[in-house]
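*Asks:* One structure, as structure tokens, below. Some questions next.
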Amino acid sequence: MADEQPIGEMNEENLLVVSEIFWPTGDWVTQKRFYYDETNKRKFYKVDAFSKIKNIVWEYEGPNHYNDVWKIRRDEERKSYFVKNEFTFLRWPYYLQLTEDVAEFIFKKNFTSAKYHKAIKVVYGASSQMGVLAPGIHTSKNTPANFIGQGVKRFFLELDLYPSSVKAQIAESLRRYVKHVRDSSLVVGDELQFQELLNTEISERELKVFFSREK
Numbered sequence: 000m001a002d003e004q005p006i007g008e009m010n011e012e013n014l015l016v017v018s019e020i021f022w023p024t025g026d027w028v029t030q031k032r033f034y035y036d037e038t039n040k041r042k043f044y045k046v047d048a049f050s051k052i053k054n055i056v057w058e059y060e061g062p063n064h065y066n067d068v069w070k071i072r073r074d075e076e077r078k079s080y081f082v083k084n085e086f087t088f089l090r091w092p093y094y095l096q097l098t099e100d101v102a103e104f105i106f107k108k109n110f111t112s113a114k115y116h117k118a119i120k121v122v123y124g125a126s127s128q129m130g131v132l133a134p135g136i137h138t139s140k141n142t143p144a145n146f147i148g149q150g151v152k153r154f155f156l157e158l159d160l161y162p163s164s165v166k167a168q169i170a171e172s173l174r175r176y177v178k179h180v181r182d183s184s185l186v187v188g189d190e191l192q193f194q195e196l197l198n199t200e201i202s203e204r205e206l207k208v209f210f211s212r213e214k
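Mapping the sequence shown onto numbering that gives the first Met the number 0, position 17 (from 1) lands on 16, and the numbers just tick up by one.
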């Protein structure tokens, strides 16, 4: 386990902070309302991070986006609305953390080492990636065992989008969780895909993040 313990993690508030660091000219705002029904002002989408300049909508998605069928349906309607209106629509799943691989993948040409170190200092209180919480589920009871079928599908589709290190680090966090509680049904349930995920190997480089449980 790394010596430097994180003091925070990614959430709605930090999503905005990270956006402002990597895209400093975006003039970012939060809780922006988009009225999707002109006949009813009570119908709107409220977003976590928005840049009119960059035309980006970015949403933090917690556990209920994987275990609530109505929430998942509304998510897809929301995505369709923004895509139809030519916004770049981004999601940040609750199990994802700001490793260097993730930051390079998301911010691409806007990524710099200086920005990255500033971001992890703010979010995690970390001076290096060793103090960044690993992608995965560490102590939360919102484990994949709670996901409904559509949530499972979303989860694995997302894993295919991110760098391979994310999958390896998530698998490692789940293995440690299973070992701690001694009951895989509480962590990954009976889904074959999650059983297979537990077998994902992890490299020494990918281990250089913070895991809340001992190996």
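Note that beta-carbon positions come from the ideal geometry of N, C-alpha and C, so glycine has one too.
1) Once you ignore the five residues that flank Asp100 on each side, which residues in its own chain have a CB closer than 6 angstroms to its CB?
2) Measure from the alpha carbon of Thr98 to the alpha carbon of each residue in Val131, Lys166 and Val56, then state which is nearest.
3) Could you compute how far the alpha carbon of Leu206 sits from the alpha carbon of Lys166?
4) If you check the beta carbons only, do Asn54 and Thr24 fall under 8 angstroms apart?
5) Taking DSSP as the reference, what is the three-state secondary structure of Gly7?
6) What does Ala48 pair with, by DSSP beta-bridge criteria?
7) For Lys83 and Val56, what's the separation of their Cα atoms in angstroms?
8) Could you tell me which of Pro5, Arg77, Glu11 and Leu156 sits nearest to Tyr34, measuring between CA atoms?
9) Pop quiz: Trp22 and Tyr59 are said to be a contact at Cβ under 8 angstroms. What is the actual Cβ separation, rounded to whole angstroms?
10) Would you call the stretch 106–122 and the stretch 147–159 touching, i.e. three or more CB-CB distances under 8 angstroms?
11) Which residues mark the beginning and the end of the beta strand (DSSP E) in which Arg32 is found?
12) CB-CB under 6 angstroms to Glu12, same chain, minus the five flanking residues each way: which ones, in chain order?
13) Could you check where the alpha helix (DSSP H) with Trp69 kicks off and where it finishes?
14) For Asn66, which residues in the same chain have their Cβ closer than 6 angstroms to its Cβ, ignoring the five residues on either side in sequence?
15) With DSSP collapsed to three states, give me the class of Phe209.
16) At which residue ranges does the stretch 85–114 contain complete alpha helix (DSSP H) runs of 4 or more residues, listed in the order of the chain?
17) Using CA coordinates, which residue listed in Ala118, Lys51 and Tyr80 is at the minimum distance from Phe43?
18) As a quick exercise: from Lys45, Ala118, Phe49 and Phe104, pick the residue whose alpha carbon is nearest that of Asp159.
*Replies:* Taking the geometry as given:
1) Pro162 and Ser164.
2) If we check each option's Cα against that of Thr98, Val131 comes out closest.
3) Rounded to the nearest whole angstrom, the C-alpha separation of Leu206 and Lys166 is 12 angstroms.
4) Between Asn54 and Thr24, the gap from beta carbon to beta carbon reaches 8 angstroms or more.
5) Residue state, collapsed to three classes: coil.
6) Trp57.
7) Cα-Cα distance, rounded: 13 angstroms.
8) Nearest option by C-alpha distance: Arg77.
9) In fact, because the Cβ distance is near 16 angstroms, the residues do not count as touching under 8 angstroms.
10) Contact fails: fewer than three Cβ-Cβ distances are below 8 angstroms.
11) According to the DSSP assignment, Arg32 belongs to the beta strand (DSSP E) that extends over Lys31 to Tyr34.
12) Closer than 6 angstroms at the Cβ level, and outside the excluded window around Glu12, lies no residue.
13) Looking at the DSSP string, the run of the alpha helix (DSSP H) that includes Trp69 is Val68 to Lys83.
14) Exclusion of the five residues before and after Asn66 leaves Asn145, Phe146, Ile147 and Gly150 as the residues of its chain whose Cβ lies within less than 6 angstroms of its Cβ.
15) Assignment of Phe209 by DSSP, reduced to helix, strand and coil, places it in the strand class.
16) For the alpha helix (DSSP H) assignment, the uninterrupted runs of no fewer than 4 residues enclosed by the stretch 85–114 are, from N- to C-terminal side, 99–106.
17) For Phe43, the closest of Ala118, Lys51 and Tyr80 by C-alpha to C-alpha distance is Tyr80.
18) Of Lys45, Ala118, Phe49 and Phe104, the residue nearest in Cα terms is Phe104.
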